[in-house]
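Read through the structure below, which is laid out as structure tokens, and then see the notes.
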Amino acid sequence: MYKYLLSLLFSIGLVISPSTSFAINGGPDDAYHIIKSFDKDWLIYNENADRYEPFIDKLQSRTEAHTVFIDLQQYKPFDLLVKSEGTKGYLFVNGQMYSTLKANEWQVIALKNFTGEEIQVSFLGSGNIQKKHLFIGSKANEGIVSEGIARDNLISMKHRISLPFGNSFVIIITLLFLYATVLSGTNPKAFGEYFSVNDLFVTKIRDTKFLISKPLNRINQAFVVLLSITTGLLFVILAGKGLYLFNNPFGLNTDSGSGKFLFAFVLVSLGSYVLYILKYIFLMVMSQLFGIKKSLNIHYFKNIQFMLITFLVLVMVLYIWYVQIPPGETFDSTLIYYILLGCYMLRSVLSYFSILKSSGIQSLYLIAYLCVVEILPIVLGLRLAF
């Protein structure tokens, strides 16, 4: 089983290599490669605080003026694509009226016409933010050629769109693959047990098995580390497409550099490892209070085994989904919420049958125990995350 898993991880590494340079067409007649979308970057001016604050659609739906700041050093070679849908609008640059936007017509503005390091672009029009479109793009049939290369040469050098998250993903998935390879080589039997789908759904198991009887030994902790790395990768994949869990504690955005994504990955992985250890301590305390301590090791092992397999599958599914989403759009947070909720509830059901078959505890008593150690943490965790 573990050989197939390693092959699958290696396949992911091959798949992601070309996927970091894809582009989506848009703008007038879909003739532009969209490099940057500002759909999620709108700001509004707070007169009381005398500052710009992030626009929140549900709270500020009547606001008619929306603003973004554009880094000219990064985007100067490209064009600004603007459209007001349904009604006419007005475009302001650095606080001054720049142009009137006709309804449903694209306006293309060359960013090289502006000076300075940054410009402030304000869009006045409909209060419905969904009807305002602001992109940075490059003409699909034009290349940005370096000064030292003639256009009639056989080879021309085109601007490569920077995708820092893609670079981070390559580094992290490589780390995950190498670590999994080391684990499979040094502990092949344990690796096979943890990643056996057949064993996962076997509920009647002995707590005297080596992996189950010693949950805090070196081998088991090595797999907890693997789960922590996978958890960190999940967090970063979601953040790479604008879905920031736990109120975005690292200040990530779609323009964050690779270093910032890697920093978030490291901290989330470390934090996850600590939480998985605290989960064992929590289970130990609660199992003593409920008088079912003999089920502790089985419960913890099943938790780690289930989450390892589930999170690795989610990593693959979410990355495939990631590369299909156009720039400027994010993961569907509601769908992600229910996917995670479903995974955790399935884990609780698996824990129920594993403990019931292995300990012979009364069903109602076991349900009360699982409500405390499984359901309550799941509800609180997802509520905080989303």
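The sequence shown maps to residues -23 to -1, 1 to 363 in mature numbering (1 follows the signal peptide of the UniProt record, and there is no 0). Note that beta-carbon positions come from the ideal geometry of N, C-alpha and C, so glycine has one too.
Pick helix, strand or coil for residue i, following the three-state DSSP scheme.
i        : result
LEU131   : For LEU131, the predicted model reports a pLDDT of 39, less than 50, meaning its position is unreliable; a value from the coordinates is still stated below. In this structure, LEU131 counts as coil in the three-state DSSP scheme.
GLY114   : strand
GLN50    : helix
VAL349   : helix
VAL179   : coil
LYS109   : strand
GLU170   : helix
SER76    : strand
SER233   : coil
LYS89    : helix
LYS60    : strand
GLY125   : With a pLDDT of 40 at GLY125, under the threshold of 50, the modelled position of this residue cannot be trusted; read the value that follows with caution. Three-state result, GLY125: coil.
TYR221   : coil
GLN265   : helix
GLY66    : strand
LEU357   : helix
PHE363   : coil
THR311   : helix
THR40    : coil
GLY3     : strand
GLN339   : coil
ILE344   : helix
LYS270   : helix
ASN81    : coil
PRO226   : coil
HIS136   : Bear in mind that the predicted position of HIS136 carries a pLDDT of just 43, short of 50, making it unreliable; the figure below should be weighed with that in mind. In this structure, HIS136 counts as coil in the three-state DSSP scheme.
PHE55    : coil
ASN71    : coil
SER103   : coil
LYS17    : coil
ASN23    : strand
PRO192   : coil
ILE96    : strand
ILE286   : helix
ILE206   : helix
ASN164   : coil
ILE258   : helix
PHE(-14) : Confidence in PHE(-14) is poor, its pLDDT being 48 and thus under 50, which makes the residue's placement unreliable; the coordinate value appears in the next sentence. Helix at PHE(-14).
Any idea if residue i is buried or exposed, counting beta-carbon neighbours within 10 angstroms, 16 or more meaning buried?
i      : result
MET74  : exposed
ALA157 : buried
ARG360 : exposed
PHE146 : buried
VAL350 : buried
LEU353 : exposed
ASN280 : buried
GLY236 : exposed
PHE242 : buried
PHE278 : buried
LYS60  : buried
ASN164 : buried
SER115 : buried
PRO31  : exposed
SER340 : exposed
LYS109 : buried
TYR315 : exposed
PHE172 : buried
PHE187 : exposed
VAL292 : buried
GLY268 : exposed
LYS191 : exposed
Can you give the beta carbon distance from residue i to residue j, rounded, assuming they're within the 8 angstroms contact cut?
i           : j      : result
LEU111      : TRP83  : The Cβ separation is near 11 angstroms, so there is no contact.
VAL245      : THR208 : 7 angstroms
THR44       : LEU20  : 5 angstroms
ILE182      : ILE275 : 6 angstroms
SER103      : THR64  : 5 angstroms
TYR221      : LEU229 : 6 angstroms
LEU101      : GLY66  : 6 angstroms
residue 366 : ASN2   : Nothing in the structure corresponds to residue 366, since the chain is present only between -23 and 363.
SER264      : LYS256 : Not really, about 12 angstroms apart at Cβ, beyond 8 angstroms.
THR307      : GLY234 : In fact, because the Cβ distance is near 19 angstroms, the residues do not count as touching under 8 angstroms.
ILE148      : LEU239 : 7 angstroms
SER272      : SER336 : 4 angstroms
ALA362      : PHE227 : About 14 angstroms; that fails the 8 angstroms criterion.
SER205      : TYR253 : 7 angstroms
Original post:
Touching or not, the region 237 to 254 and the region 326 to 333, by the rule of three or more beta carbon pairs under 8 angstroms?
Top reply: no
**OP:** Check whether the region 42 to 59 touches the region 94 to 104, counting contact only when three or more Cβ pairs, one atom from each stretch, lie closer than 8 angstroms.
**Re:** yes
Original post:
So, do the region 293 to 307 and the region 214 to 229 have three or more beta carbon pairs nearer to each other than 8 angstroms?
Top reply: yes
**OP:** Determine, using beta-carbon pairs with one atom in the region 195 to 203 and one in the region 151 to 170, whether at least three such pairs fall under 8 angstroms.
**Re:** yes
Subject >> Any 3 or more C-beta pairs closer than 8 angstroms across the region 78 to 91 and the region 51 to 67 >> reply: yes
Original post:
Is it true that the region 172 to 180 meets the region 278 to 290, where meeting means three or more beta-carbon pairs spaced less than 8 angstroms apart?
Top reply: yes
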